[in-house]
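Engineer: Numbering (the numbering used here), first residue to last: 67 to 293. Glycine included, every Cβ here is placed at the ideal spot set by N, Cα and C.
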């Protein structure tokens, strides 16, 4: 009986955690989904049937002023009845907290808006306002597919592909930072990488200073015994 109770509590806790992961942020009549790495594929079904609808996803950063300026337009889109009837779901994803998804779709900065529709992904490159975004999702993405870099939705990557993509994305961010394209955030990133590199070198030096002398003294002792 006690074992059954613990099993029930475990299942209940797991369900609560899952519901927390797929939290929906409600604004008035609108619903904007919050996507994370762990639930992205389950919610969007991007690589399967996409039976949950087409998804307009905003990749944003917490302290990005351009993202803040785009939010009211995104909220208005979420309340648009025409988009609801077309089965278009709006969602946001934090670019700094969801590195796997960012690497999977090749997101290079914030804000970045992508549209997932019928196993294709389109990267929005127009004006960041309500009317322009609405025109984009209601057909402009299809008539101007070359403009929006239309491509097949990449499948969920393997573990090796995930790490490779993440390191590649970090490398590209460092390149942008070095070229001054990322502003103060980029310089902060360069400083952080520099500090981490120095700490790693110091740690390796410390390890070497501890073990190498011991190995050297052991070798000398062995030579003396032979002599």
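Is it the case that the Cβ atoms of residue 103 and residue 166 are separated by a distance below 8 Å?
Structural biologist: For residue 103 and residue 166, yes; Cβs fall inside 8 Å.
Engineer: For residue 119 versus residue 153, is the C-beta spacing smaller than 8 Å?
Structural biologist: Yes, Cβ-Cβ distance for residue 119 and residue 153 is below 8 Å.
Engineer: Just to confirm before moving on: does the CB-CB distance between residue 191 and residue 143 stay below 8 Å?
Structural biologist: In this structure, residue 143 does not lie closer than 8 Å to residue 191 by Cβ.
Engineer: Given this structure, state the Cα-to-Cα distance separating residue 218 from residue 111, to the nearest angstrom.
Structural biologist: The straight-line gap from Cα to Cα measures roughly 14 Å.
Engineer: Would the beta-carbon of residue 98 fall within 8 Å of that of residue 140?
Structural biologist: Contact flag set, yes.
Engineer: Between the beta-carbon of residue 122 and the beta-carbon of residue 156, is there less than 8 Å?
Structural biologist: Against a cut-off of 8 Å, the Cβ pair of residue 156 and residue 122 comes out as a contact.
Engineer: Is it right to say residue 95 is buried, meaning 16 or more other beta carbons lie within 10 angstroms of its own, or is it exposed?
Structural biologist: For residue 95, the pLDDT reaches just 40, beneath the cut-off of 50, and the residue's location in the model is therefore unreliable, leaving the point undetermined.
Engineer: Within a Cβ cutoff of 8 Å, which residues of the same chain sit near residue 134, ignoring the five residues on either side of it in sequence?
Structural biologist: No residues qualify anywhere along the chain.
Engineer: Under three-state DSSP, which class holds residue 126?
Structural biologist: If DSSP states are grouped into helix, strand and coil, residue 126 belongs with the strands.
Engineer: Quick check: the Cα distance between residue 223 and residue 233, rounded to an integer number of angstroms?
Structural biologist: Roughly 14 Å between the two C-alpha positions.
Engineer: Mind checking residue 206: buried by the 16 CB within 10 Å criterion, or exposed?
Structural biologist: Answer is buried; the Cβ neighbour count reaches 16.
Engineer: At the level of alpha carbons, what is the spacing between residue 180 and residue 107?
Structural biologist: Near 15 Å, if we compare the C-alpha coordinates of residue 107 and residue 180.
Engineer: Is residue 274 buried or exposed, if buried means 16 or more other CB atoms sit within 10 Å of its CB?
Structural biologist: It is exposed - the Cβ of residue 274 has fewer than 16 other Cβ atoms within 10 Å.
Engineer: Where are the beta strand (DSSP E) runs, 3 residues long or more, that stay fully inside the stretch 156 to 236, in chain order?
Structural biologist: Complete beta strand (DSSP E) runs here, min 3: 178 to 183, 186 to 189.
Engineer: Per DSSP, which residues does residue 154 bridge with? Please list them.
Structural biologist: The partner list for residue 154 (beta bridge, DSSP) reads 120.
Engineer: If you drop the 5 nearest sequence neighbours on each side, which residues of the same chain put their C-beta closer than 6 Å to that of residue 263?
Structural biologist: Nothing listed; no residue qualifies.
Engineer: Quick one: what does DSSP say residue 274 is sitting in, helix, strand or coil?
Structural biologist: Helix, per DSSP.
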